[in-house]
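So the sequence lines, in the order shown, correspond to chains R and F.
Count along the first sequence starting at 1, add 384, and that's the number in the working numbering.
Count along the second sequence starting at 1, add 1, and that's the number in the working numbering.
The structure under discussion appears below in the form of structure tokens.
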Amino acid sequence: MKAGKSPKRARATSPPEEVVATAQESSQPAVPVADVAAKQEQVRKAVVLLAECTVRNAMALRTSLLDSLDAPGSVDVEVGAVERVDTACLQLLLAFVRERSQHGRSTAWRGRSDVLEQATTLLGLGGTLAISGAA
Amino acid sequence: MALDLEQFHEAFFEEAFEALDTMESALLKLNIGNPEPELVNTIFRVAHSIKGGSATFGFTEVASFTHTLETLLDELRGGRMQVTRGLSDLLLKSVDVMREMLRSVQHKTPIDPQRVADLQFDLELAILQKNQAPAAAPELPDVAPAPTPDAALPTMPATAILGQRRWQIGFRPYPQLLLRGNDPLRLLRELHELGSLEVEVDISGLPALSEMNTEDCYLAWNLVLTSEVTRDVIAQVFDWAEGDCKLEIVEIKSGLAERTAPPSAVVVPIGIASAHEAQIEVATTATLEPAAEQGRSQGASPATPSPAQGGSDSGSIRVSTEKIDEIMNTVGEIVITQSMLSQLGSSMEGPLAEQLRSGLAQLERNVRELQEGVMRVRMLPISFVFSRFPRMVRDLSHRLGKEIELKLTGDTTELDKTVLEKIGDPLVHLVRNSIDHGIEKPDIRRAAGKAAAGTVHLDAYHKGGNITVEVRDDGAGLDRDRILAKARERGLVGATEVPDDTAIYDLIFAAGFSTAEKTTDVSGRGVGLDVVRRNVQELGGTIEIRTERGKGSCFTITLPLTLAIVDGQSVAVGSETYIVPLTTIIESMQLKPSMVNRIAGRGEVFLFRDGYVPVVRLHQVFGVKPRTHELHEGLLMIVEGEGRRVGLFVDDLLGQQQVVIKSLETNYRRVEGVSGATILGDGSVALILDVPGLIRFAAERLAA
């Protein structure tokens, strides 16, 4: 019976401060030339979405998105962990993607989350966010 | 600032419990076999609202259970299932379980999963059995918990099927929608469950990321729903978002999808004509809760303007009782100050004194109005208590194999919330008592020449400054001889003593007294009536019983309307001032020495109207030095309590005034014969007499 489900099932598994997994090495000088290509791959800005991607954690998400907003090149958004999502967070992602694309910068989705895909489709954001194409 | 949904929990629970009460009373009114559609709708709406709310707050067990219930109710509503006695019982049980679940969630105690699961299974079974149409193979009902985010999204054909309607839904949330715990995602998911949903999002309101407030909603949606549902069903999805969004639901009449077409005539009573756009309300006139009768209108009618922010309760607001109590307290202080000023003013002399006094009189009127106004805020109709009885009587009569008709009258009679809360249990006891001991089984009743169905009648009315609640039954009445025999057996009454009827009937209020031959789980353990009397007395009320063998009994509870203020007569005894509640006073008189008789061992009595009334010398009771010991030099105030009268001997009457009751128990300790204290205009403390207590106390003293 469904009644046995724990209500805490979808609670966040990590505290908000872990939201941002931004690589800080980009400002470090003296990288050996031979490693440049590999390092460039490593220092791409990334934003990791929490399991609980809801209004509770929206402030932290906004901070991390703002942090990556002006990052050159492509920014990765890691969505694999998302178990719960709401409109508050989706509209933040939407603003982020829109603003980056307005400045000719791209955003890439990493990982897959059915929950997130269903939510974007339901809200009519499938086209704009195009999360379902995530790698 | 992260949004903390917990701040809305209490409001949700309160509304949910009220909604369950509504659901229960609607279920009880439901005609077996031929249910009124409006009642079924009401029941459905309650289930739907609770489902939505619990899903929002993450109470998944409640949401899941309610979803199943809602599925069943939808079958009822669609006329695909019949209301049978069994089904009605099942639904009532569901109400109980939902109430328990909500209570568990509220108090963070574990839910009994087995009980919930069993009932949910029964509900599913009921849906399944009724769905077995002869021509179609039985299909499993959709019992998936709708609100869980990972629920599979069923896809429906987008083309219009015969009987399906196309609804254009304009859904423009106001910024605060998210803050109120409403997630458009959930709303759209619910719509998606109703049929095929085409979604077009409007992101034009979305600001730059740096300007976004994470708790504001910036998106809006134009939706087209293809489904067989009615506009009401769609509006119900938005029940909880009422006041937090602009909603337009328009049926697209032609088969062509024309989102830009002008609204057809079906629609949409929107908010107030003069309102600017932000004030337009959710158009859900059809979802008005029946609770509106109790002044808690949930909907926005065109005639009632409501503020832009959360104007869902157009006619009322929810205020915590603490806040009202604070106001009450302050008003009490004003009353004291005002009486102090009046006292001061009365002793003033000079040209301005008259002006001062007229000003003070004005102040007194205003303060009284203010006080009455605040008291009215605390008043609730007794229907809040009465409403639990139909269910109780139904269950009990079923269990005891008796036929009982419950009559409720005067249920709009209002009384103070505190009194109301405390009177519920005593009334439950009395009604149980009537059903178990009073009303006879149908065959016995028929043999006695009575109708097979007994009647229990609850009546409430105002009388003087009191509220009277009667519990009457037309059952067997009290058996005087049996009570007396039992009392003798227990040594409560001497073997040769023959008390009068009132005293005998009074025995049933003695602790542990029961004449029941066998103890049932309903009553008969002898706990009950003594507790009833104690509770009533704690409220400053009295309980009386009238009974006639074979005809029935009537318990009459008399309670003060409020526990905060009393209209009193101040009297002087020596240097002390006492307050006698006005409602207890019959008359004040001066005695002639010839009117007083002295009875050996029983003190003094005097002839009053048609009987002798004992004299209680207040100075003796309270041990103060009186101005005079001669009865004819002072005054006698005849007071009544619990049907007994005494004459209180006092030095003088001082004046009538409204006094604010300060609890003696809280500030000092309980004192026999005193119900509280108050502060007088001159700052001194006066005791408020507890007349019934005083009569008992005096009787004991005199007997001793």
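Just so you know, even glycine gets a beta-carbon here, dropped at the ideal spot from N, CA and C.
Problem - Secondary structure of F:A678, DSSP reduced to three states - result: strand
Exercise for the section: Determine the contact status of F:L592 and F:L632, defining contact as a CB-CB distance below 9 Å. Expected result: yes
Problem - Closer than 8 Å at the beta carbon, the chain F residues around R:L434 - result: Here the premise fails: no neighbours, minimum Cβ distance about 12 Å.
Problem - Opposing strand residues paired with F:N330 [DSSP bridges] - result: Beta-bridge pairing links F:N330 to no other residue.
Problem - For F:P561, the residue or residues it bridges with in DSSP - result: F:N467
Practice task
Compare the C-beta of R:G508 with all C-beta atoms of chain F and state if any pair is closer than 9 Å.
Solution key: yes
Practice task
Note down, in chain order, every chain R residue with its Cβ under 9 Å from the Cβ of F:D184.
Solution key: T438, V439, D470, T471 and A472
Practice task
Assign F:F172 to one of three DSSP states: helix, strand, or coil.
Solution key: strand
Handout entry: Which of helix, strand or coil DSSP assigns to F:G53
Key = helix
Practice task
Determine the burial state of F:M349: buried for a count of at least 16 other Cβ atoms within 10 Å of its Cβ, exposed for fewer.
Solution key: exposed
Handout entry: N-terminal and C-terminal residue of the alpha helix (DSSP H) that F:M376 is part of
Key = A354 to R379
Exercise for the section: Compare the C-beta of R:T491 against all C-beta atoms of chain F and say whether one is closer than 9 Å. Expected result: no
Practice task
Closer than 8 Å by beta-carbon distance: list the chain R residues that pair up with F:M213, in chain order.
Solution key: R446, Q475, L476 and A479
Practice task
Following the continuous beta strand (DSSP E) through F:M638, name the residue where it begins and the one where it ends.
Solution key: L636 to G642
Exercise for the section: Hey, could you find the ends of the alpha helix (DSSP H) R:R489 is sitting in? Expected result: Note, R:R489: premise wrong, no alpha helix (DSSP H); not H, not E.
Handout entry: From F:S228, F:T410 and F:V574, residue whose alpha carbon lies closest to that of F:L459
Key = F:T410
Exercise for the section: Determine the extent of the beta strand (DSSP E) in which F:T578 is found, giving its start and end residues. Expected result: E577 to P582
Handout entry: Short Cβ contact (9 Å threshold) for F:V378 with F:I335
Key = no
Handout entry: Spatial neighbours of F:S1 in its chain, beta-carbon cut-off 8 Å, leaving aside the 5 residues before and after
Key = For residue 1 of chain F there is no data in the structure shown, the boundaries of chain F being 2 and 705.
Handout entry: Residue range of the unbroken alpha helix (DSSP H) whose run includes F:P391
Key = F390 to L401
Problem - Reduced DSSP secondary structure (H/G/I, E/B, other) of F:I440 - result: coil
Handout entry: 7 Å Cβ cut-off: residues of chain F touching R:L450
Key = L210 and S211
Exercise for the section: In the DSSP assignment, find the unbroken beta strand (DSSP E) run with F:V429 in it and report its ends. Expected result: Premise fails: F:V429 lies in the alpha helix (DSSP H), K418 to N434, not in any beta strand (DSSP E).
Exercise for the section: Would you tell me roughly how many angstroms separate the C-alpha atoms of F:F1 and F:D123, rounded to the nearest one? Expected result: Residue 1 of chain F lies beyond the range of chain F shown here (2 to 705); nothing can be said about it.
Handout entry: F:P615 - partner residues in DSSP beta bridges
Key = F:V606
Practice task
May I ask you to list, following chain order, the residues of the segment 188 to 202 of chain F that have a beta carbon less than 7 Å from some beta carbon of chain R?
Solution key: L189, R190, H193, V200, E201 and V202
Practice task
Please confirm if R:R482 has its CB atom under 9 Å from at least one CB of chain F.
Solution key: yes
Practice task
Indicate the three-state DSSP secondary structure (helix, strand or coil) for R:L507 in the structure shown.
Solution key: coil
Practice task
Check whether the Cβ of F:Y219 lies closer than 9 Å to any Cβ atom in chain R.
Solution key: yes
Handout entry: Minimum Cβ-Cβ distance from R:A547 to chain F less than 9 Å
Key = In the structure as shown, chain R begins at 385 and stops at 519. Residue 547 of chain R is therefore absent and cannot be evaluated.
Handout entry: F:D501 versus F:I509 - alpha carbon distance
Key = 14 Å
Problem - C-beta neighbour in chain F for R:A503, strict 9 Å - result: yes
Problem - As assigned by DSSP and simplified to three states, the class of R:V432 - result: strand
Exercise for the section: Going by CA-CA distance only, name the one from R:E483, R:R489, R:L506 and R:R496 that's closest to F:S205. Expected result: R:E483
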